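Notes to accompany the following structure.
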């Protein structure tokens with residue numbers, strides 16, 4: 012399919028002289044301002060390298076940008092209500108639990124905590140809804156909604172009352188994306204110096220010891236934890252043994268505020284998002300018809316792969332026209348989707364396998380192209396930096412705080428633009444495929 016082209020923010024290409032000057036300044040600016048990471052291949056705590064970024068801001072239609080910013084609080088409310096509807100979560104995830112061990116483990120924790128009664132009824136959600144422009148750029152469609160997000164600074168004001176307690180960052184054992192995480196930590200310290208932040212992996216928590224106090228306080232290193240913020244824990248690799256799952260269950264049973272709680276985590280699965288795209292389901296959670304219409308406008312086709320008539324139709328569609336669809340599992344973190352002819356091959360091989368029910372089929376979005384320069388740490392000379400056809404993905408952040416009866420805070424709190432070469436299907440920044448970007452809004 013031929014893709015349309017958006018006009019760049021400046022006349023391109025740049026001259027060799029302009030490019031050399033801009034790249035040098037841009038790399039220095041990025042490093043000085045924390046747009047950096049530690050190398051995963053040559054990990055060294057004393058060294059960082061620039062994160063991939065675009066030299067120029069990418070064009071983005073102002074109308075679409077404003078529209079999805081305005082819809083974020085509606086999506087926050089939607090996920091919040093879904094997370095507090097056990098019947099809907101159970102029915103939506105029934106087949107996935109049978110086929111996907113990771114989701115099954117999460118759901119088991121949810122059932123245990125639900126049965127006991129939630130110690131901490133207040134939930135904190137930091138969500139990110141990702142979008143691609145579609146076709147000529149006049150439409151915008153949701154790629155996915157993440158309930159384990161990366162924005163965090165808004166949390167500091169919520170937790171200021173816990174000035175003797177701490178915030179626990181649950182992180183990977185080895186973190187290359189350190190600048191991003193530390194900036195959140197330093198911002199919280201700036202807003203409220205009395206708040207202490209500690210960083211632990213699930214494995215280190217299991218080995219060092221974590222326990223509940225007499226009133227179900229979460230205690231780590233003899234300190235009471237007020238908030239647990241997950242920067243890890245959304246992939247199976249974070250749970251190499253049952254001990255890590257035991258830690259996750261213990262945290263959920265505590266009175267610490269979880270970001271996200273297990274029910275928010277489950278509400279963000281692809282299978283739940285596919286269930287929400289079914290006719291009339293949104294009306295169960297959103298009573299305002301205008302809100303329903305707005306949310307439906309950003310949905311693209313999402314199809315179940317369950318063993319029923321709808322699932323069989325989806326399998327046939329994917330095999331017949333694989334390039335029109337994307338296969339998505341429940342996994343977060345990128346790099347797990349299946350594209351192009353591999354869609355048909357996979358569906359044929361899993362046609363009679365229970366494994367297919369852990370996946371969903373999604374209409375492929377065809378974003379317009381534009382030109383930009385992708386800057387990476389590995390590029391040593393100008394000849395390595397070519398003018399590329401790129402596509403951009405917009406993420407809108409939202410924060411919500413509340414319990415099953417009342418929403419205390421619901422806001423849209425920022426955005427991120429990530430850009431990748433049009434030749435790439437996946438666009439992970441840390442993996443070096445995608446790049447940080449910013450929008451140049453056009454009328």
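Numbering (the working numbering), first residue to last: 12 to 454.
Glycine is no exception: its CB is placed at the ideal position from the N, C-alpha and C atoms.
On a predicted model such as this, the values are computed, not experimentally measured, just so you know.
- If the five residues before and after residue 20 are omitted, its C-beta is found closer than 7 Å to the C-beta atoms of 67, 68, 70 and 451, all from its own chain and listed in chain order.
- Taking one beta carbon from each stretch, the segment 293 to 311 and the segment 257 to 264 have fewer than 3 pairs nearer than 8 Å; the two do not touch.
- Residue 421 is bridged by DSSP to 411.
- For residue 406, DSSP records a beta bridge to 141 and 427.
- Contact annotation: the segment 424 to 438 touches the segment 397 to 414, with at least three C-beta pairs closer than 8 Å.
- Residue 40 sits exposed, since fewer than 16 C-beta atoms from the chains shown fall within 10 Å of its C-beta.
- Within its own chain, the residues whose Cβ lies closer than 7 Å to the Cβ of residue 315, once the five positions on either side in sequence are excluded, are 285, 321, 322, 325 and 371, listed in chain order.
- In the structure shown, residue 65 falls within a strand segment according to DSSP collapsed to helix, strand and coil.
- For residue 336, the enclosing beta strand (DSSP E) begins and ends at 336 to 339.
- Cβ atoms of residue 181 and residue 243 come within 8 Å of each other, at about 6 Å.
- According to DSSP, residue 153 shares a beta bridge with 142.
- For residue 259, no beta strand (DSSP E) segment is defined; the enclosing uninterrupted segment is the alpha helix (DSSP H) at 253 to 264.
- When DSSP states are grouped into helix, strand and coil, residue 270 belongs to the strand group.
- Residue 332 and residue 448 have their C-alpha atoms spaced approximately 33 Å apart.
- Here residue 221 carries a strand assignment [DSSP, helix/strand/coil].
- When C-alpha distances from residue 319 are compared across 410, 75, 363 and 44, the shortest belongs to 363.
- About 6 Å separates the Cβ atoms of residue 418 and residue 91, confirming a contact at the 8 Å cut-off.
- If you ignore the 5 residues before and after residue 406, its C-beta comes within less than 6 Å of the C-beta of 139, 141 and 427, all in its own chain and listed in chain order.
- Closest option to residue 22, judged by alpha-carbon separation, among 424, 388 and 384: 384.
- Beta-bridge partners assigned by DSSP to residue 235: 230.
- In this structure residue 114 is in contact with residue 280, their Cβ atoms being roughly 6 Å apart against a cut-off of 8 Å.
- Scanning 93, 229, 348 and 367 for the CA closest to the CA of residue 375 turns up 348.
- Judged by their CB atoms, residue 207 and residue 177 are nearer to each other than the 7 Å cut-off.
- Setting aside the 5 residues that flank it on each side, residue 197 has no residue in the same chain whose C-beta is closer than 8 Å to its C-beta.
- Cβ contact annotation for residue 312 (same chain, cutoff 6 Å, sequence separation greater than five): 374, in chain order.
- Only exposed fits residue 74, as fewer than 16 other CB atoms lie within 10 angstroms of its CB.
- Taking the CA atoms as reference points, residue 107 sits about 17 Å from residue 93.
- A check of alpha carbon separations from residue 58 across 444, 118 and 47 identifies 47 as the nearest.
- In the three-state scheme derived from DSSP, where H, G and I count as helix and E and B as strand, residue 93 is classed as helix.
- Residue 274 counts as buried, since at least 16 other C-beta atoms from the protein chains shown sit within 10 angstroms of its C-beta.
- The beta-bridge partner set that DSSP reports for residue 444 is empty.
- For residue 18, the closest alpha carbon among the candidates 397, 72 and 136 is that of 72.
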